Each structure stands twice: as C-alpha cells, then as structure tokens.
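Participant:
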Amino acid sequence: MMFYSGILSVLLGPIVLLLIFIWRRKIGLRENGLPPGPTTIPLLGNIHQLPTRYPHVKYTSWARRYGKIFSLKIAHGTAIVITSPSIIRDFMDKRSSSTAHRPPMKIVDLVTDGCHPALTDGPVWKNMRKAMQLFLTREACARHLTVQRAECIQLMYDTLKQPEGLLVHIKRQTISIILSTVFGVRSPRFENSIASQFVEGNSLWERILEPGATPPLDLLPILQYIPEFLAPWKAGCREIRNRQQNLYFGLRDMCAKRMKDGRRNGCFLEDIIDLQEKWGIDSATVGYIGGGCLEGGSGNTSSFLQTAMLLLACHPHVQEKAQKELDDVIGKDRLPSSEDYEKLPYVRAIIRETFRFFPPVPLGLPHSSTTDETVEGFYIPKGSIIFMNYYGIYHDPDLFDLPERFIPERFLTSEFGTKQGVDATGLRHDLHFGSGRRICPGIVFAMQSIEMNIMSLLWAFNLKIATDTPRDAEIPIQFNDFTPGIASGPKPFACDVHPRSQAHADIIRAEYAQARSVFSMFEQELTPDERAFVSEW
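Take the sequence shown: its position 340, counted from the start at 1, is 340 in UniProt numbering, and no numbers get skipped.
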C-alpha cells in the first residue's frame, strides 16, 4: 500500500503540471459557439494581431472576411465586433439592460479615478448622467442656441480675417461654446488660451484610449506591474491626469468663486454646484462632469466640421448645389437661422453623408455584457467587450453604392442613403451617437452646432483646394488621411477660403459687432492678453 502511495506522490507533481499546462493551453483559444474570427494562438489569442492604430480599418477588413459579428480572443477574455445595424438594434438597443455597461478600463481609472461620465459605470455614472441631462434637455438646448449662434458668427468673422486658420477657428469655436455654457468662461482666441490647453491634453487622452494603443491591462492585469521604463503608457497616464485635473478643477473653482462673489452668469456648473450637497457628489465629480461635457461636446463636433470642410473643398459641385439651395431659401441679405434648416434638404444630405463618410468615433466607445447572451445563433459570454464598428457599417458595399465616395445625393433618394431595395433594418440617422442607455445625451446640442455651422459656412464662403503659387498647382489633399485616436478627424490640410461676395463679408462684420453683447457675460475672467486681443480684434 505504501508502495502505491509513494508512486502516486511521485506522479502527483507531474500530473498537476500537465493539467495546468492543458488548462493554460485553452487560454486564448476561441470557445465553441463564439462568433468566428481570425485564427488564435494559445495563451495570447489574437493579441499579436491587434492593430495599434486605426483599428476600424482592420476590423472592417475582418468583418468582410468573418461576418457582420466576429470575435477576438485576448488571453482569457473575449471581444465582439459588430458591423451590422440590425444586430446593433437587436442586441445593443433592445437588450440594453445587459449591454449598456462599460468594461473595466484600467487606463481610465489611472487617469480619472473612475470618475468619467462617458467611461465609468454604476452609481457614479448614473449620478453624472442625471446631472448632464439637466444641461442637455431640448428646453435647455433651445436656451443654448443664443451662444451657439454668436460663436458661429465669430467663426465666420475669424475666417473672414484669417482664412488660412479655418481649422483652428473651428477648434476654438466648438470649445468656446462648451466653456461658455458649461463653465461660464470663453476663449475668444485659440493661441495661449483654455482652448489650446484643452486640445493639447485631449489629443493625448484620445490617443491613449484608442483600442490597441496600450497593452490589454484589463485582461492581463500582470502588465500593470511592468516597470515604467518598459511601459511608456504609465508616464502618459500621469501627464494626462495632471493636465485634466489642472484644467477641469481650475475651471470648476473659477465658477465657484464667481458664484461666491455674486457674479453668476447662468452656466451649467452653477446648477451642479448648487445641487452638489443634495446629490451627494464630491468636488472631483463636479469637475469631471464639466470636463466630460467639454470632451464630448467639442472634440467630436470639431472633427465633424473639419471633415466637412475637407470634403467640400474636394467637391466644388456639392458646394455649388448647396449654395444655390441656400440662396433660394435664405437669400443673400441675412445669415441662416436654425429655423431654416428643415427647408434645406441638400444641406441635410451633406451633413448625413459626412457622418457616413467618416463618423468622428469610428468604433464608438466599448460596451460590456453583464449576462451570457445569444446573438444570431452565437454565444456571447458574460464580460465580453463589445465594439460597434460604425465605420464598417457606413462603408459596407452591400448597403451603400460606392461607399468610398462622397455622394450627398444618396440621401435624397433613400432615407438612409442605402441602395434601392436593400434591407436597412437598424439604420437610423443618429446611429453613430451610440446605442441603448449609453446613447450620447448631447445629440440635440451637437446637431444644433453642426447644422448652424454648416449652413453658415456654406452661405458665407467658397472653399477650394489650395494651390502652390510658384507652381500654380493644386496642393494635394488626402481625404482618407485621418488622425489616430478613439475619436478621429482629418489631419491638417490647406484650402483656399474666400467670402462669396463683399455683401456677404459686410453682413458677417455687422453681425459680429452685435454678437459681442452675448460674449461679454462670459469674459469676466479673461487674461490681460485676451482682453487686448478682443479689443484689437
């Protein structure tokens, strides 16, 4: 008996090691029932194949090969990529109670302590979203129109004075709208301003959030302990954290001081500070509520408008058609107003086609499933990370004729721009704004700015590809060359911008003089340099 016990004790160690080896070999392998996907290898799964830049391009390629829903294995975890509007509707919208959550995101925790309105979860997210909805109701957005229109007028005025700075003027304007309405302070210029501080920090933030930009810390926690000299993302997180807190908390404190001094100007954060004690939210949460509005309300709108300018410069016939429509409806003696938009079907088509051509957040923000689910006959395990590939949907040749071309007319012949006779189930005009309980709460606010700006810029200016004067040759524009990051826009490009007539220019100058009265209440904390700029400008 002791003989057999001895043999068992000798064999037990190798048996355990063998079992562990067999168990570990299953890590990274695709389980039965999952959607198909690229071939995995033990332990790593598909980690070695994940793109570190422009993942939407690779995911779209994989969708064409493996189907409208495919899976990726990242060690023991699972990622699901959906490139189908009908699956998004059935899975992400109709089953939002189990798919509206965010996956654990160590990067977000390192930067924000889990206090970010778009990227956090649970009670913190619910309180932050409840607060943001005060700012983003239709009634509140109607009140914001005054600021949005005034800033649109300054955008035209800035472009009139410095046409070569159009892209920078767009950045300043979209940021200044949020600064004014949320924090009660504006940026009358871009250089050496709150706007430029925000752009510098937010570009780092968007880059580090892009899928593949950092190691999969949430699925391989041991990577958190890699020394910093081997993990540059750690220094990046620390820099982004410092930038965000200095800016967001500084703006919060500026608002609080203004309130204490009896100088309220009706901005959104005043309401949040008033309700802070009642709702039980701390000062950091107040700062990140404001910061979340700034990130979501400015960057994506700016990216969209820059993309639209690029596409319009490359397609002069589209401009001409839109300007004829604007002249027929509005004339040349006044600026467009928000009430004009519904009378401009071709301008609406341009906006919708721009979103289709390149959605500002091509893969959306990741979701996570909290229960086991079955979709299209495939098993989706609890805890899966879910991406919605909007770029892949909008460039699907089964849905759209010539999807790589910019053709606004497609939205005049079809509600969603699709081929005649195809099944457009699940498509909606706000699909790229998200799904279910996580749909962007700022759709109305964002679209007000987009509509006002596109109408006004088309009414006021002609855009064309810039020319190299010595050679009298057009400077090429790569209209498929976009910045990396979870949110994306076109890389800087050169275009010629000119007012359509002297009469148009005169109206812009007169309107800007009147808009100054709207700006004054948000200019209480301008620096001496900014005050001098406003006076001179």
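We treat Cβ as the ideally placed atom computed from N, Cα and C, and that holds for glycine. Computed from a predicted model, the values in this text were never measured in an experiment.
Considering Cα atoms alone, identify which of S369, P163, L344, I87 is closest to F493.
Facilitator: Indexing the sequence shown from 1 puts residue 493 at position 493. F493 has its Cα closest to that of P163, out of S369, P163, L344, I87.
Participant: Just list the residues that DSSP pairs Y379 with in beta bridges.
Facilitator: Position 379 of the sequence shown holds residue 379. DSSP, once it has assigned bridges, lists T374 as partnering Y379.
Participant: Could you spell out where the alpha helix (DSSP H) holding S302 opens and where it closes?
Facilitator: Here residue 302 refers to the residue found at position 302 of the sequence shown. Element bounds for S302: 300 to 314.
Participant: If you drop the 5 nearest sequence neighbours on each side, which residues of the same chain put their C-beta closer than 6 Å to that of A424?
Facilitator: Within the sequence shown, the letter at position 424 stands for residue 424. So the qualifying residues of the chain are F416, T418.
Participant: Suppose the cutoff is 7 Å on Cβ atoms and the five residues either side in sequence are ignored; what does the same chain contact list for H315 look like?
Facilitator: Along the sequence shown, one-based indexing puts residue 315 at 315. Contacts found: F406.
Participant: Which whole-angstrom value describes the C-beta separation of R243 and G201, a residue pair presumed to lie in contact below a C-beta threshold of 8 Å?
Facilitator: Counting from one through the sequence shown, the residue named residue 243 turns up at place 243. Counting from one through the sequence shown, the residue named residue 201 turns up at place 201. Contact holds; Cβ gap of about 4 Å.
Participant: Looking only at its chain, what residues have a beta carbon closer than 6 Å to the beta carbon of A195, apart from the 5 residues adjacent to it on each side?
Facilitator: What you label residue 195 is simply residue 195 of the sequence shown in a count that begins at 1. The answer, listed in chain order, is R172, I175, S187.
Participant: Give the secondary structure of P490 by DSSP, where H, G and I count as helix, E and B as strand, and everything else as coil.
Facilitator: In the sequence shown, residue 490 corresponds to position 490, counting from 1. In this structure, DSSP gives P490 an extended state, which the three-state scheme calls strand.
Participant: Among S501, C237, P211, which one has its Cα closest to the Cα of S488?
Facilitator: Within the sequence shown, numbered from 1, the residue matching residue 488 stands at position 488. Nearest of S501, C237, P211 to S488, Cα basis: P211.
Participant: Identify which residue in F91, I454, F229 has its Cα closest to the Cα of S302.
Facilitator: Locating residue 302 in the sequence shown gives position 302, where the first residue counts as 1. Comparing Cα positions, the closest option is I454.
Participant: Excluding five sequence neighbours on each side, which residues of the same chain lie with their C-beta closer than 7 Å to the C-beta of A510?
Facilitator: Position 510 of the sequence shown, counting from 1, holds the residue named residue 510. For A510, where only same-chain residues beyond five positions count, there are no Cβ hits under 7 Å.
Participant: Just to check my reading of the structure: R263 and S283 have Cβ atoms closer than 8 Å, yes? What is that Cβ distance to the nearest angstrom?
Facilitator: In the sequence shown, the residue the question calls residue 263 occupies position 263. In the sequence shown, the residue the question calls residue 283 occupies position 283. About 20 Å separates the two Cβ atoms, so there is no contact after all.
Participant: What residues are listed by DSSP as bridge partners for N462?
Facilitator: If you number the sequence shown from 1, residue 462 lands on position 462. DSSP output for N462 lists H498 as bridge partner(s).
Participant: Rounded to whole angstroms, what's the CA-CA distance from residue 538 to C293? Just pull it up for me.
Facilitator: Since the first residue shown for the chain is 1 and the last is 537, residue 538 is missing from the structure and cannot be characterised.
Participant: Please name the residue, chosen from K343, R138, I385, that lies closest to M92 on a Cα-to-Cα basis.
Facilitator: Numbered from its first residue, the sequence shown carries residue 92 at position 92. Closest in alpha carbon position to M92, among K343, R138, I385, is I385.
Participant: Report yes or no: do three or more beta-carbon pairs, one from the region 376 to 384 and one from the region 66 to 82, lie closer than 8 Å?
Facilitator: yes
Participant: What separation, rounded to the nearest whole angstrom, lies between the Cα atoms of L537 and G114?
Facilitator: In the sequence shown, residue 537 corresponds to position 537, counting from 1. In the sequence shown, residue 114 corresponds to position 114, counting from 1. Checking the sequence shown, residue 537 turns out to be Trp, not Leu. Between W537 and G114, the C-alpha separation is close to 42 Å.
Participant: Where P359 and L431 are concerned, what is the direct C-alpha to C-alpha distance, given to the nearest angstrom?
Facilitator: Taking the first residue of the sequence shown as 1, we reach residue 359 at position 359. Taking the first residue of the sequence shown as 1, we reach residue 431 at position 431. Approximately 10 Å, taken between the alpha carbons.
Participant: Is P362 closer than 7 Å to Y391 when the C-beta atoms are compared?
Facilitator: As a working mapping, residue 391 is identified with position 391 in the sequence shown. As a working mapping, residue 362 is identified with position 362 in the sequence shown. Contact flag set, yes.
Participant: Taking the alpha-carbon of F355 as reference, which of I393, P42, T39 has the nearest alpha-carbon?
Facilitator: Taking the first residue of the sequence shown as 1, we reach residue 355 at position 355. Of the candidates I393, P42, T39, the one whose C-alpha sits nearest the C-alpha of F355 is I393.
Participant: Please report the distance separating the alpha-carbon of R189 from that of I74.
Facilitator: Residue 189 sits at position 189 when you count from the first residue of the sequence shown. Residue 74 sits at position 74 when you count from the first residue of the sequence shown. Spanning the two alpha carbons is a distance of roughly 45 Å.
Participant: Can you find at least 3 beta carbon pairs, one from the region 326 to 341 and one from the region 456 to 469, that sit closer than 8 Å?
Facilitator: yes
Participant: Check M105 in the structure and name its three-state DSSP category.
Facilitator: Within the sequence shown, numbered from 1, the residue matching residue 105 stands at position 105. Note: M105 maps to coil in three-state DSSP.
Participant: Answer with buried or exposed for R531, where buried requires no fewer than 16 other C-beta atoms within 10 angstroms of its C-beta.
Facilitator: Working through the sequence shown from its first residue, we reach residue 531 at position 531. It counts as exposed.
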